[in-house]
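Here's the structure, in structure tokens; my notes come after.
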Amino acid sequence: MYFTTISTYLSCCLIIGFGHLRDFFRRILVLPFTNDNLQGYAPICFGHEDFYMRRGYHRVQVILLTIN
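Remember, this note's numbering sits 98 above the position in the sequence shown when you count from 1.
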């Protein structure tokens, strides 16, 4: 009876966990080699504020668009 609820919860936890893992490796491997010439400009948003938009919402939006 609760299999659907538990499996949905675990899938969401896995997606969020892999997203955080991906951001962690991006911070370690990619960001030290980028050269941003944005000295003097304030950041639009911090990495943790944009996490769910980058890793969650856009992925679900792509899936829903491919179904149609």
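By construction, the Cβ of each residue, glycine as well, lies at the ideal position given by its N, Cα and C atoms.
Every value quoted in this text rests on a predicted model; they were computed, and no experiment measured them.
Distance between beta carbons of residue j and residue i, contact taken as under 8 Å
i           : j                 : result
glycine 115 : phenylalanine 149 : At roughly 12 Å, the Cβ-Cβ gap does not stay under 8 Å, so glycine 115 and phenylalanine 149 are not in contact.
Range covered by the alpha helix (DSSP H) that runs through residue i
i            : result
arginine 157 : 156 to 165
Within the segment 99 to 127, ranges of the alpha helix (DSSP H) (whole runs, at least 4 residues):
101 to 127
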